[in-house]
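Reading through the structure tokens given below for one structure.
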Amino acid sequence: MKDYEVIIVGGGPAGIFAALTLAEGGATDVLLLEQGKGIGKRIRHCAGDMLCGWGGAGAYSDGKLTLSTEVGGHLGDFLDDRALFDLLAEADRVYVEHGAPDRLFGDLTPEVEELGEKARLAGLEFIPSRIRHIGTENCVNVLGRMYESLSGKIEICTDCHVESLLAQEGRIVGVKLADGEIRYGRHVIVAPGRSGAGWMKGEAKSLGIRTMASAVDIGVRVELPATVLKPLTDVSYESKLVYYSKSFDDRVRTFCMNPYGEVVAESNEGLVTVNGHSYASKKSDNTNFAILVSSSFTEPFDDPIAYGRYIAQLANLLGQGVIVQRLGDLLQGRRSTKERIAKCLTRPTLGDATPGDLSFVFPYRHLKNIIEMLQAMDSLAPGVSSRHTLLYGVEVKFYSNRIEVSKELETTVANLFAVGDGAGITRGLLQASASGILAARAVADRLGHSQ
Ligand SMILES: Cc1cc2nc3c(=O)[nH]c(=O)nc-3n(C[C@H](O)[C@H](O)[C@H](O)COP(=O)(O)OP(=O)(O)OC[C@H]3O[C@@H](n4cnc5c(N)ncnc54)[C@H](O)[C@@H]3O)c2cc1C
Numbered sequence: 001m002k003d004y005e006v007i008i009v010g011g012g013p014a015g016i017f018a019a020l021t022l023a024e025g026g027a028t029d030v031l032l033l034e035q036g037k038g039i040g041k042r043i044r045h046c047a048g049d050m051l052c053g054w055g056g057a058g059a060y061s062d063g064k065l066t067l068s069t070e071v072g073g074h075l076g077d078f079l080d081d082r083a084l085f086d087l088l089a090e091a092d093r094v095y096v097e098h099g100a101p102d103r104l105f106g107d108l109t110p111e112v113e114e115l116g117e118k119a120r121l122a123g124l125e126f127i128p129s130r131i132r133h134i135g136t137e138n139c140v141n142v143l144g145r146m147y148e149s150l151s152g153k154i155e156i157c158t159d160c161h162v163e164s165l166l167a168q169e170g171r172i173v174g175v176k177l178a179d180g181e182i183r184y185g186r187h188v189i190v191a192p193g194r195s196g197a198g199w200m201k202g203e204a205k206s207l208g209i210r211t212m213a214s215a216v217d218i219g220v221r222v223e224l225p226a227t228v229l230k231p232l233t234d235v236s237y238e239s240k241l242v243y244y245s246k247s248f249d250d251r252v253r254t255f256c257m258n259p260y261g262e263v264v265a266e267s268n269e270g271l272v273t274v275n276g277h278s279y280a281s282k283k284s285d286n287t288n289f290a291i292l293v294s295s296s297f298t299e300p301f302d303d304p305i306a307y308g309r310y311i312a313q314l315a316n317l318l319g320q321g322v323i324v325q326r327l328g329d330l331l332q333g334r335r336s337t338k339e340r341i342a343k344c345l346t347r348p349t350l351g352d353a354t355p356g357d358l359s360f361v362f363p364y365r366h367l368k369n370i371i372e373m374l375q376a377m378d379s380l381a382p383g384v385s386s387r388h389t390l391l392y393g394v395e396v397k398f399y400s401n402r403i404e405v406s407k408e409l410e411t412t413v414a415n416l417f418a419v420g421d422g423a424g425i426t427r428g429l430l431q432a433s434a435s436g437i438l439a440a441r442a443v444a445d446r447l448g449h450s451q
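My numbering numbers the first residue of the sequence shown as 1 and each following residue consecutively.
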């Protein structure tokens with residue numbers, strides 16, 4: 001039976017970048033196993049294809065590469081700031097080589113610095129970040145080119161679900177596939193993404209690898225006319241703002257700002273939640289962004305994912321899906337109706353959200369935090385807290401349990417590396433890709449393939 005030098009589990013950005021790094025270093029005896037379809041066979045709106053298949057969740061992501069060491073994951077726990085900055089720049093270069101646009105948004109100009117000052121006066125912290133926007137429609141092409149770069153250099157198997165990781169005497173020896181076949185490998189890099197996080201947690205448990213629960217981020221997707229946020233989005237493509245609420249001293253933040261974008265519903269393991277994206281070419285009249293509040297728990301309850309699911313289920317129960325409400329209605333203590341939404345100056349880009357009342361969904365703490373944040377943002381960009389601002393609920397970000405790993409991203413099982421979002425180490429495209437590079441370099445070193 002063949003014994004591979006390296007087996008990679010998962011064909012999302014983390015797995016792909018691990019493969020590209022190994023191939024570039026001259027490793028040929030590499031097998032990449034992806035449970036979903038090949039990129040040409042994925043159908044975007046088919047539930048099973050949305051997160052799985054070549055490119056992983058990255059294929060239909062918004063394609064914003066954030067070149068900041070402060071967002072997108074926990075790699076800063078393993079690398080110093082300079083080394084992480086260089087690694088992110090390297091991953092970014094690979095995206096550009098495979099067709100990501102040259103243009104970078106958000107350089108630290110005097111206007112950006114001025115925005116930071118104004119934010120401070122409004123009680124907000126502004127985190128500037130440089131962003132390359134691939135655009136939802138281009139991600140598939142970029143990831144497809146990466147597949148072409150790898151073909152003929154390594155073995156790639158799609159529609160191949162890995163059922164379990166096999167270890168002997170504290171060392172990884174291979175993987176067992178869904179059909180019961182075994183693939184032996186001296187090193188295994190697992191990159192299962194969020195869709196494989198439950199599987200990863202189970203495997204970690206059976207291998208005796210420690211995991212830690214992460215926080216859950218719960219909130220709303222805010223939509224308003226793009227002109228309202230123009231003072232921010234013209235200066236900094238993605239404005240990341242942080243607010244500490246007066247009532248609870250909770251950290252509240254904006255996330256994933258989409259100038260001229262669209263709000264979308266997504267199905268999330270049986271739940272319908274909300275998200276937003278923007279196309280590189282097609283533009284709406286609105287800008288959307290999320291306001292999220294982080295919640296973590298200690299004892300006797302320490303299951304933030306169950307808590308987040310509970311809140312999302314409540315919205316689904318009341319709204320049969322996503323609920324939309326005008327901020328004005330929320331503040332007046334009444335539900336939104338079809339007629340009230342029809343009178344709203346912000347035209348909703350998500351047509352099939354149910355007009356309703358988010359105060360029946362969110363705990364007081366979350367609702368208060370969200371309203372305070374909107375009011376603080378209103379001093380920075382007047383109109384944010386208008387009664388015509390639309391709130392869609394709920395947006396919820398579940399983060400995978402964090403797998404215990406070394407600085408090289410090796411688990412406590414020798415030669416088993418865990419990378420990307422599924423290992424709870426990253427939360428975005430660029431850090432996920434960088435984590436794949438980091439682990440692959442450690443493996444290449446051991447194989448004597450390092451450049
Ligand atoms: C709608 C949306 C928009 C987003 N927009 C952005 C954005 O603009 N910018 C940004 O930085 N991030 C964005 N993200 C997040 C980004 O997509 C992820 O951070 C990134 O894809 C994580 O990469 P990954 O390789 O760790 O995991 P994934 O991309 O999830 O890939 C993991 C792969 O592993 C496979 N797999 C899992 N388990 C197994 C198994 N047992 N056997 C075989 N294969 C398995 C899965 O099928 C999947 O293809 C977005 C995500 C979504 C859902």
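Glycine residues also receive a C-beta, built at the ideal position from the N, C-alpha and C atoms.
For this session: With Asp-378 as the anchor, note down where its alpha helix (DSSP H) starts and where it stops.
Result: The residue labelled residue 378 in the question sits at position 378 within the sequence shown. That run of the alpha helix (DSSP H) goes 364-380.
For this session: Check whether the Cβ of Cys-51 lies closer than 7 Å to any heavy atom of ligand 1, and answer yes or no.
Result: Here residue 51 refers to the residue found at position 51 when the sequence shown is read from its first residue. With the sequence shown as reference, residue 51 is identified as Leu, and Cys is not the correct amino acid for it. At least one heavy atom of ligand 1 is nearer than 7 Å to the Cβ of Leu-51, so yes.
Exercise. Would you say Arg-194 touches ligand 1, meaning its beta carbon is less than 7 Å from a heavy atom?
Worked result: Numbered from 1 along the sequence shown, position 194 holds the residue referred to as residue 194. Within the chosen limit of 7 Å, ligand 1 reaches the beta carbon of Arg-194 through at least one heavy atom.
Problem set entry | Simplified DSSP assignment, three categories, for Pro-110 | Taking the sequence shown and counting its residues from 1, one reaches residue 110 at position 110. Pro-110 falls in the helix class under three-state DSSP.
Exercise. Going by alpha carbons, who is nearest to Phe-85 out of Val-394, Val-361, Leu-65, Asn-138?
Worked result: By 1-based counting over the sequence shown, the position of residue 85 is 85. Nearest C-alpha to Phe-85: Leu-65.
For this session: Please determine, among Gly-436, Val-96, Leu-318, the residue with the shortest C-alpha to C-alpha distance to Ile-131.
Result: Sequence index remark: in the sequence shown, residue 131 carries index 131 (1-based). With distances taken between Cα atoms, Ile-131 lies closest to Val-96.
Exercise. If you draw a straight line from the alpha carbon of Lys-338 to that of Cys-344, how long is it in whole angstroms?
Worked result: As a working note, residue 338 is residue 338 in the sequence shown. As a working note, residue 344 is residue 344 in the sequence shown. The alpha-carbon atoms of Lys-338 and Cys-344 are separated by roughly 10 Å.
Exercise. If you compare alpha carbons, which of Ala-290, Ala-215, Val-405, Val-228 is closest to Thr-346?
Worked result: Locating residue 346 in the sequence shown gives position 346, where the first residue counts as 1. If we check each option's Cα against that of Thr-346, Val-228 comes out closest.
Exercise. Between the stretch 53-64 and the stretch 132-146, are three or more C-beta pairs nearer than 8 Å?
Worked result: The stretch 53-64, when compared against the stretch 132-146, does touch it at the 8 Å Cβ threshold.
For this session: Let me know if Met-200 comes out buried or exposed under the rule of 16 or more other beta-carbons within 10 Å of its beta-carbon.
Result: In the sequence shown, counting from the first residue as 1, residue 200 sits at position 200. So Met-200 ends up on the buried side.
For this session: Compute the distance between the beta-carbons of Ile-154 and Leu-32, then report whether it is under 8 Å.
Result: Against the sequence shown, residue 154 aligns to sequence position 154. Against the sequence shown, residue 32 aligns to sequence position 32. Yes. Within cutoff.
Problem set entry | Nearest residue (CA-CA) to Val-413, options Ile-311, Leu-51, Gly-72, Gly-170 | The residue given as residue 413 occupies position 413 in the sequence shown. Looking only at Ile-311, Leu-51, Gly-72, Gly-170, the smallest Cα-Cα distance to Val-413 is reached by Gly-170.
Problem set entry | Classification of Glu-70 by the beta-carbon crowding that lies within 10 angstroms, buried from 16 upward | Along the sequence shown, one-based indexing puts residue 70 at 70. When all chains shown are included, Glu-70 counts as exposed.
For this session: With hydrogens ignored, establish whether the beta-carbon of Glu-34 is closer than 7 Å to any heavy atom of ligand 1.
Result: The count along the sequence shown starts at 1 and reaches residue 34 at position 34. Yes, ligand 1 has a heavy atom inside 7 Å of this Cβ.
Exercise. Who are the Cβ neighbours of Asp-250 in its own chain at under 8 Å, not counting the five residues just before and after it?
Worked result: For this step, residue 250 is matched to residue 250 along the sequence shown. Excluding sequence positions up to five before and after Asp-250, its CB lies within less than 8 Å of the CB of Tyr-244, Val-293, Ser-294, Arg-365, Asn-369, all in the same chain and listed in chain order.
Exercise. Contact between the stretch 418-436 and the stretch 114-123: three or more CB pairs below 8 Å?
Worked result: Flag = no, the stretch 418-436 and the stretch 114-123 do not touch.
Exercise. CB Thr-136 to CB Gly-53, shorter than 8 Å?
Worked result: For the purposes of this step, residue 136 is taken as the residue at position 136 of the sequence shown. For the purposes of this step, residue 53 is taken as the residue at position 53 of the sequence shown. For the 8 Å CB-CB criterion, Thr-136 and Gly-53 do not form a contact.
For this session: State buried or exposed for Ala-439, treating a residue as buried only when at least 16 other CB atoms are found within 10 Å of its CB.
Result: Your numbering for residue 439 matches position 439 in the sequence shown. By the 10 Å Cβ count, Ala-439 comes out buried.
For this session: Note the first and the last residue of the continuous beta strand (DSSP E) segment covering Gly-219.
Result: Start at 1 with the first residue of the sequence shown, and residue 219 comes out as number 219. Per DSSP, Gly-219 belongs to the beta strand (DSSP E) from 216-225.
For this session: Give me the Cα-Cα distance between Gly-38 and Gly-63, rounded to the nearest whole angstrom.
Result: Looking up residue 38 in the sequence shown gives position 38. Looking up residue 63 in the sequence shown gives position 63. The C-alpha of Gly-38 lies about 19 Å from the C-alpha of Gly-63.
Problem set entry | Where Ser-435 falls, given that 16 or more other Cβ within 10 Å makes a residue buried | Here residue 435 refers to the residue found at position 435 of the sequence shown. Buried is the call here.
For this session: Name the one or two DSSP bridge partners that Leu-271 has.
Result: Indexing the sequence shown from 1 puts residue 271 at position 271. Answer is Asn-268.
Exercise. Is Val-9 near ligand 3, going by C-beta to nearest heavy atom under 7 Å?
Worked result: In terms of ligand content, the structure shown lacks ligand 3 and carries ligand 1 instead.
For this session: Return the first residue and the last residue of the beta strand (DSSP E) that Leu-350 is part of.
Result: Here residue 350 refers to the residue found at position 350 of the sequence shown. Counting along the chain, Leu-350 falls outside any beta strand (DSSP E), and DSSP gives it neither H nor E.
For this session: Tell me, please, whether the stretch 267-285 touches the stretch 159-166 by the rule of three or more beta-carbon pairs shorter than 8 Å.
Result: As far as the Cβ criterion goes, the stretch 267-285 does not touch the stretch 159-166, which means the pair count is below three.
Exercise. Less than 7 Å between the CB of His-98 and some heavy atom of ligand 1, yes or no?
Worked result: One-based indexing of the sequence shown puts residue 98 at position 98. The nearest non-hydrogen atom of ligand 1 is 7 Å or more from the C-beta of His-98.
Problem set entry | Any non-hydrogen atom of ligand 1 closer than 7 Å to His-161 Cβ | Counting from 1 along the sequence shown, the entry for residue 161 is found at position 161. Because some heavy atom of ligand 1 lies under 7 Å away, the Cβ of His-161 counts as near it: yes.
For this session: Could you say if the stretch 171-188 and the stretch 373-385 meet the contact criterion of at least three C-beta pairs nearer than 8 Å?
Result: Contact between the stretch 171-188 and the stretch 373-385 is absent, because fewer than three Cβ pairs lie under 8 Å.
Exercise. Under 8 Å between the Cβ atoms of Ala-265 and Leu-350?
Worked result: The count along the sequence shown starts at 1 and reaches residue 265 at position 265. The count along the sequence shown starts at 1 and reaches residue 350 at position 350. A contact, by the Cβ cut-off of 8 Å.
Exercise. Cβ of Val-361 within 8 Å of Cβ of Val-322?
Worked result: Position 361 of the sequence shown, counted from the start, is the residue given in the question as residue 361. Position 322 of the sequence shown, counted from the start, is the residue given in the question as residue 322. No, the Cβ-Cβ distance between Val-361 and Val-322 is not below 8 Å.
For this session: Check whether the Cβ atoms of Arg-446 and Thr-21 lie closer than 8 Å to each other.
Result: Stepping through the sequence shown from its first residue, residue 446 is reached at position 446. Stepping through the sequence shown from its first residue, residue 21 is reached at position 21. Going by C-beta atoms, Arg-446 is not nearer than 8 Å to Thr-21.
Exercise. Looking at C-alpha atoms only, which residue of Gly-55, Lys-41, Leu-108 is the closest neighbour of Ser-68?
Worked result: Taking the first residue of the sequence shown as 1, we reach residue 68 at position 68. Nearest to Ser-68 by alpha-carbon distance, out of Gly-55, Lys-41, Leu-108, is Leu-108.
Exercise. Can we count Ala-18 as close to ligand 1, meaning its CB is less than 7 Å from some heavy atom?
Worked result: For the purposes of this step, residue 18 is taken as the residue at position 18 of the sequence shown. Short note on Ala-18: C-beta not closer than 7 Å to any heavy atom of ligand 1.
For this session: Whole angstroms is fine: what's the gap from Asn-258's alpha carbon to Gly-106's?
Result: Your numbering for residue 258 matches position 258 in the sequence shown. Your numbering for residue 106 matches position 106 in the sequence shown. The alpha-carbon atoms of Asn-258 and Gly-106 are separated by roughly 14 Å.
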